[in-house]
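Notes to accompany the following structure.
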Amino acid sequence: MPDRHRLGRGNTSPVVVVVVALALCAAVVATACDRRRSTGAAGAGYRPFYSMPAAATPQARGTLKGDFDRAMSAPTVDEAATRWTEFLRAHEPADGEYEDGFQRDHVRVAQYELMRIEYLRGRVEEGDKLLRKLEDVLRTR
Amino acid sequence: MAKGTVVIDPGHGGTEDIGGSDANHAVSFSGVLEKTMTLQLGLLVRDALLAANGAGHNFTVVMTRTTDVNLSLAARANVARDHKADLLLSIHFNGFNAAVRGVETLVRPVADGNVNHDDDTAFARKIQQRVFDAIHAKDPNTKDRGVKDQKLGVLNDVALGNTAANHRCRACLVEVEFIDVEAVDKLLNTGPSAAANRRDIAHAITAAIIEELK
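See below:
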């Protein structure tokens, strides 16, 4: 019995591998398609790449966190682009001199998010411009 | 015996954003402001350093602020320049999505004019290790996010008074933990051991400073 069991397992192994590989490919494709659908186009509903829970203590407009949460909760992709642009105008240090890790992390998320939105809206040149800026950030680390 | 001049910079403060320094950034799960926590911890570090003088060390401690006021990033660094400080430690707390955890310490990159990057990094590693160990002893869910390069205004060597030829001031900024996480808020603000935990973190920072200035 143990021998038969081992033999059977050896014979079916390649089949199992192929089936598992096909299943994995299907899952990856399905996930990718789902992600494309979920992010939406210009006028569609906006869902940020990373989900953020509502803040336990909501912050006022004009503060870094308040403006960040406002952009995260934009109803449409177009409105999100507007809000992230406003966020970066207000909170990205013009001279690149950050105050702390909190500011750096939130500004970086905003830069990534706006870049992703520009590509989603088909504005490739604007997206590329933001991508180059992010590469600058990565080079300094 | 350790000796030297140490500048402790509690991040943020006041109600106005001034010269790159916002009045406040992170808010704890229960609503405690980061600016309040940085001042509280900064004063504990000051007291612990001054108490160490009684044990044979010789520190001069200068605070960038002792009340709820804000100073520009350059003004904070200038305090170190004006007192010919050996060390500047800027204290901050972090926040993101109420889930991310960890301790990180930041130094200015060489590419952004840091004339004593290696010295800053050595100091930062001591701070990072001691603070992480202190928090990890209370809560194993914290993470060691390490020492990272970041262009921060308060660590600007020109404002600190450092030059290529004369760069006595080592400087770093510690992000103690993510206070928007409920467990961290309990650890540092609302739990029954919060006061003792804050004192232990202050002592950990003091131990790192003593080690750096020996």
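First to last, the sequence lines map onto chains W and A. Residue numbering for the first sequence follows this note's numbering, beginning at 4 and increasing consecutively. Residue numbering for the second sequence follows this note's numbering, beginning at 550 and increasing consecutively. Cβ coordinates follow ideal geometry from the N, Cα and C atoms, glycine included. Predicted model only: the values in this text are computed from it and were never measured.
Does DSSP put M550 of chain A in a helix, in a strand, or in coil?
Translated into the one-based positions of the second sequence, residue 550 of chain A becomes position 1. Secondary structure of M550 of chain A (DSSP, three-state): coil.
Output the distance between the C-alpha atoms of N602 of chain A and F608 of chain A, rounded to the nearest integer angstrom.
Your numbering for residue 602 of chain A matches position 53 in the second sequence. Your numbering for residue 608 of chain A matches position 59 in the second sequence. Taking the Cα positions, N602 of chain A is about 6 Å away from F608 of chain A.
Whole-angstrom distance between A77 of chain W and R86 of chain W, CA atom to CA atom
Residue 86 of chain W sits at position 83 when you count from the first residue of the first sequence. Residue 77 of chain W sits at position 74 when you count from the first residue of the first sequence. Counting only the Cα atoms, A77 of chain W lies some 7 Å from R86 of chain W.
In the stretch 52-64 of chain W, which residues sit with their C-beta less than 7 Å from some C-beta in chain A, listed in chain order?
Residues of the stretch 52-64 of chain W with a Cβ closer than 7 Å to any Cβ of chain A, in chain order: M55, P56, A59, T60 and Q62.
Which class does D98 of chain W belong to by DSSP, given the choice of helix, strand or coil?
For the purposes of this step, residue 98 of chain W is identified with residue 95 of the first sequence, where counting begins at 1. Coil, per DSSP.
Reduced DSSP secondary structure (H/G/I, E/B, other) of V20 of chain W
Stepping through the first sequence from its first residue, residue 20 of chain W is reached at position 17. Residue confidence for V20 of chain W is low, a pLDDT of 43 falling below 50, so the modelled location carries little weight; the figure read from the coordinates is stated next. Looking at V20 of chain W - three-state DSSP - the assignment turns out to be helix.
Counted within 10 angstroms of its Cβ, other Cβ atoms place V556 of chain A as buried (16 or more) or exposed
For the purposes of this step, residue 556 of chain A is taken as residue 7 along the second sequence, with counting starting at 1. Its Cβ being crowded by 16 or more others within 10 Å, V556 of chain A is buried.
Could you have a look at T109 of chain W and say whether DSSP puts it in helix, strand or coil?
Here residue 109 of chain W refers to the residue found at position 106 of the first sequence. The displayed chain sequence assigns His, not Thr, to residue 109 of chain W. Note: H109 of chain W maps to helix in three-state DSSP.
Output, in sequence order along the chain, the residues in the stretch 63-81 of chain W whose CB is closer than 8 Å to any CB in chain A.
Result list: T66, L67 and K68.
Is there a Cβ of chain W sitting closer than 8 Å to that of K700 of chain A, yes or no?
By one-based count along the second sequence, residue 700 of chain A stands at place 151. At a cut-off of 8 Å between C-beta atoms, K700 of chain A counts as an interface residue with respect to chain W.
Quick check: is the beta carbon of R107 of chain W nearer than 8 Å to any beta carbon in chain A?
Here residue 107 of chain W corresponds to residue number 104 of the first sequence, with the count starting at 1. Contact with chain A is found for R107 of chain W, since one of that chain's Cβ atoms lies less than 8 Å from the residue's Cβ.
Residues that DSSP places opposite G48 of chain W in a beta bridge
Locating residue 48 of chain W in the first sequence gives position 45, where the first residue counts as 1. Residue pairing of G48 of chain W in beta bridges, as defined by DSSP: W:T79.
Could you give the distance in angstroms between the alpha-carbon of A597 of chain A and the alpha-carbon of A751 of chain A?
As a working note, residue 597 of chain A is residue 48 in the second sequence. As a working note, residue 751 of chain A is residue 202 in the second sequence. Rounded to whole angstroms, A597 of chain A to A751 of chain A spans 7 Å at the Cα level.
Sort A:T564, A:M586 and A:G563 by Cα distance to L744 of chain A and report the nearest one.
On the second sequence, residue 744 of chain A is found 195 positions in, with the first residue counted as 1. This sequence places Ala at residue 744 of chain A; Leu is not what is there. Of A:T564, A:M586 and A:G563, the residue nearest in Cα terms is A:M586.
Report buried or exposed for R92 of chain W, applying the criterion of at least 16 other Cβ atoms within 10 angstroms of its Cβ.
Within the first sequence, the letter at position 89 stands for residue 92 of chain W. Result: exposed.
Which residues does DSSP list as the beta-bridge partners of E761 of chain A?
Position 212 of the second sequence holds residue 761 of chain A. The beta-bridge partner set that DSSP reports for E761 of chain A is empty.
Could you please give me the residues that DSSP links to F727 of chain A through a beta bridge?
The residue you call residue 727 of chain A lines up with position 178 of the second sequence. DSSP output for F727 of chain A lists A:N643 as bridge partner(s).
For E103 of chain W, count neighbouring C-beta atoms within 10 Å of its own C-beta (all shown protein chains included) and say buried if the count is 16 or more, exposed if not.
As a first step, residue 103 of chain W is located in the first sequence; it is residue number 100 there, counting from the start. For clarity, residue 103 of chain W is Asp in the given sequence; the question names Glu instead. By the neighbour-count rule (16 or more Cβ atoms within 10 Å), D103 of chain W is buried.
Note down, in chain order, each residue of its chain lying with its Cβ closer than 7 Å to the Cβ of A628 of chain A, except the 5 sequence neighbours on either side.
Your numbering for residue 628 of chain A matches position 79 in the second sequence. Here residue 628 of chain A turns out to be Val, not Ala, going by the sequence shown. Counting only Cβ-Cβ distances below 7 Å, and skipping sequence neighbours, we find V556, V611 and T613.
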